[in-house]
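Protein chains: 2
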Amino acid sequence: MELSATAKVILGMLAARPRSGYEIKQLVDQSARFFWAASYGQIYPELKRLEQAGLVTGSEASQGARPRTIYKLAPAGKRAAREWIEQAPRTLELRDEGLLGLFFAGSINPARTPEIARERAAIAREKAAELRAIEAMVDGAAENGGPEAKPDSGSRAVLRYGIESSEWAAEWFERAAEDLERETSGARGAPRGR
Amino acid sequence: MELSATAKVILGMLAARPRSGYEIKQLVDQSARFFWAASYGQIYPELKRLEQAGLVTGSEASQGARPRTIYKLAPAGKRAAREWIEQAPRTLELRDEGLLGLFFAGSINPARTPEIARERAAIAREKAAELRAIEAMVDGAAENGGPEAKPDSGSRAVLRYGIESSEWAAEWFERAAEDLERETSGARGAPRGR
DNA sequence: ATCAGCATGTAAATGGTTACATGATTAT
DNA sequence: ATAATCATGTAACCATTTACATGCTGAT
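In order, the protein sequences belong to chains A and B. Oh and the first sequence: position 10 is 10 in the working numbering, straight run, nothing missing. To convert, take the position in the second sequence, counting from 1, and add 194; that gives the working numbering.
Below, the structure written as structure tokens:
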């Protein structure tokens, strides 16, 4: 059975413990949003599909009149999750409009190129700061919080990856801005540069 | 006027010089494919939309019986491209199934986590090598090639970014694999064994 | 009483990929 | 002759976002 991307996120989220669709959305937004996104419009229908396919089982857990369904992995779902993890990941598809801008800046508006690189640096710095805040929150929760609080080593590693790669990118773009500035101001009729 | 993502790529590609839809697709695949993708199903319809909106103008350039249309930027298209470049880029949305796997590996199959990190490292190394090959090709073409060959500083910078960030990622994942291995083997009643 | 947040869902629109369809030209 | 590559396009499908719709519960 071919799992959709959303199905993989759901199975992954349910592997740790049973959750409602709402909880899954919150978790994706909080912990995985720097490399993955999912909307209600995907999560709720996919949960139903997965239930029909026998990969998850939902149980009613309404609180008073507020409806609530908590899903957990069925044995087939556990198998499917393991299989997915086992497979070699296909090559990464990246989509970055910022890089696209930098890529074309030279032919559209050369003078702006260094500035665009600087903007990218600022965005990367902001992202790093944001992720650092999440890390601090998670670490704080792990210290005083219940056993629910501590994330596993894989997700901690991914968070670290987000922080460190953003910092690396910020430095890289800053350096690139300087190089591009030198090229622009220096040469003139000699566009070959370098 | 709101430009679609595909429209931005097209305007960017036409900024350097006029091209056919086919050429745009080839160029995207060759030079931008590590951070952007576009299919014929997007490019051809979008070219027509852009022509109707007056941002590009197509001229027939058939060779014998083989049909061919070459598009170039109209003045309005130049303005639109400049505007887009001028705007601050929105925050980056990333989608990485490999990171997703690592993220969940801890709860789905902890013993495999280090190995998954190693696989990621291998993929990053491959990507770096691939991009290095492109760089060598581009540099070679610039030396002996015609005036068509040399890419502008922005796209050279983006290529360098692809190479260096992939190399950084490869090292990071290798280190992460070692850390995760130490964690796994060290602590725990480690019941599952492997 | 009011508001923030919990909780579920659907419909419409948009964006994007894949597969199909056609045929010409160039190199082997 | 045949294969590769040039060249254009459409249709069907799948993924994703956004907006809408509804109502409950807990805190202030």
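We put the CB at the ideal spot given by N, CA and C, even for glycine.
Length of the line joining the Cα atoms of residue i and residue j
| i | j | result |
| --- | --- | --- |
| leucine 131/A | alanine 37/A | 15 Å |
| isoleucine 302/B | arginine 82/A | 6 Å |
| serine 165/A | alanine 370/B | 13 Å |
| lysine 208/A | isoleucine 163/A | The requested residue 208/A does not occur in the structure, where chain A is confined to residues 1 to 194. |
| arginine 118/A | glycine 271/B | 25 Å |
| tryptophan 168/A | arginine 66/A | 46 Å |
| leucine 296/B | threonine 307/B | 7 Å |
| alanine 16/A | lysine 219/B | 43 Å |
| arginine 289/B | arginine 262/B | 36 Å |
| lysine 242/B | phenylalanine 104/A | 22 Å |
| arginine 207/A | leucine 208/B | In the structure as shown, chain A begins at 1 and stops at 194. Residue 207/A is therefore absent and cannot be evaluated. |
| proline 89/A | glutamate 291/B | 7 Å |
| valine 222/B | glutamine 42/A | 30 Å |
| serine 214/B | isoleucine 116/A | 28 Å |
| methionine 331/B | arginine 376/B | 41 Å |
| serine 379/B | arginine 319/B | 26 Å |
| tyrosine 22/A | glutamate 46/A | 13 Å |
| glutamine 63/A | tyrosine 238/B | 53 Å |
Burial state of residue i (16 or more Cβ within 10 Å)
| i | result |
| --- | --- |
| alanine 255/B | exposed |
| aspartate 333/B | exposed |
| serine 253/B | exposed |
| threonine 6/A | buried |
| proline 304/B | buried |
| glycine 300/B | buried |
| tyrosine 71/A | buried |
Beta-carbon neighbours of residue i, restricted to chain B and to distances below 9 Å
| i | result |
| --- | --- |
| lysine 8/A | Glu291, Leu294, Gly295, Phe298 |
| alanine 129/A | Here the premise fails: no neighbours, minimum Cβ distance about 13 Å. |
| serine 20/A | By Cβ distance, chain B contributes nothing, its closest Cβ being about 17 Å from serine 20/A, past 9 Å. |
| serine 165/A | Ser359, Trp362, Ala363, Trp366 |
| tyrosine 40/A | Within chain B, no residue comes near tyrosine 40/A; the closest Cβ sits about 17 Å away, beyond 9 Å. |
| tyrosine 161/A | Leu293, Leu296, Ala363, Trp366, Phe367, Ala370 |
Chain A residues whose Cβ lies nearer than 7 Å to that of residue i
| i | result |
| --- | --- |
| arginine 349/B | The amino acid at residue 349/B is misidentified as arginine; the sequence shows serine. Correct list: Phe103, Gly106. |
| valine 222/B | The contacting residues do not exist; valine 222/B stays about 10 Å from chain A at best. |
Beta-carbon proximity list for residue i, same chain, < 7 Å, skipping 5 on both sides
| i | result |
| --- | --- |
| lysine 349/B | Looking at the sequence shown, residue 349/B is not lysine but serine. Here the set comprises Ser225. |
| glutamine 281/B | none |
| proline 147/A | Bear in mind that a pLDDT of 48 at proline 147/A, under 50, signals an unreliable position, so the model cannot answer this. |
| alanine 121/A | Ala170, Phe173, Glu174, Ala177 |
| valine 203/B | Val222, Trp230, Ala232 |
| leucine 180/A | Thr113, Pro114, Ala117 |
Span of the alpha helix (DSSP H) around residue i
| i | result |
| --- | --- |
| threonine 91/A | Taken as a continuous stretch (DSSP letters only), threonine 91/A belongs to no alpha helix (DSSP H), as it is neither H nor E. |
| leucine 244/B | 234 to 246 |
| glutamate 280/B | 269 to 280 |
| glycine 206/B | 199 to 210 |
| glutamate 2/A | Neither: glutamate 2/A is in no alpha helix (DSSP H) and is coded neither H nor E. |
| glycine 258/B | No alpha helix (DSSP H) holds glycine 258/B; DSSP gives it neither H nor E. |
| glutamine 30/A | Neither: glutamine 30/A is in no alpha helix (DSSP H) and is coded neither H nor E. |
Neighbouring residues, chain B, relative to residue i (Cβ below 8 Å)
| i | result |
| --- | --- |
| serine 185/A | Neighbours of serine 185/A on chain B: none; closest Cβ ~12 Å, over 8 Å. |
| threonine 257/A | This structure leaves residue 257/A out entirely; chain A is present only between 1 and 194. |
| threonine 69/A | The premise fails here: threonine 69/A is roughly 21 Å from chain B at the closest Cβ pair, so nothing lies under 8 Å. |
| isoleucine 85/A | Gly295, Phe298, Ala299, Ile302, Asn303, Arg306, Ile310 |
Where residue i meets chain A, residues with beta-carbon distance less than 9 Å
| i | result |
| --- | --- |
| proline 269/B | What proline 269/B touches in chain A: nothing, since even the nearest Cβ is about 14 Å away. |
Neighbourhood of residue i by C-beta, 8 Å cutoff - its chain only, sequence neighbours within 5 removed
| i | result |
| --- | --- |
| leucine 205/B | Leu197, Leu244, Leu249, Val250, Leu267, Gly271, Ala274, Ala275, Trp278 |
| phenylalanine 35/A | Val158, Gly162 |
Residue i CB to nearest heavy atom of the ligand HEM below 7 Å
| i | result |
| --- | --- |
| tyrosine 355/B | Although the ligand HEM was asked about, the structure shown includes no ligands whatsoever. |
Chain A contact residues for residue i, given Cβ-Cβ distances below 8 Å
| i | result |
| --- | --- |
| glycine 206/B | Leu100, Phe103, Phe104, Ser107, Ile108 |
| glutamate 313/B | Ala88, Pro89 |
| alanine 209/B | Phe104, Ser107, Ile108 |
The beta strand (DSSP E) enclosing residue i, as first and last residue numbers
| i | result |
| --- | --- |
| valine 250/B | 250 to 254 |
Proximal chain B residues relative to residue i, where beta-carbon distance stays under 7 Å
| i | result |
| --- | --- |
| glutamate 93/A | Ala231, Arg289 |
Sequence-distant residues of its chain with Cβ nearer than 6 Å to residue i (five each side left out)
| i | result |
| --- | --- |
| leucine 293/B | none |
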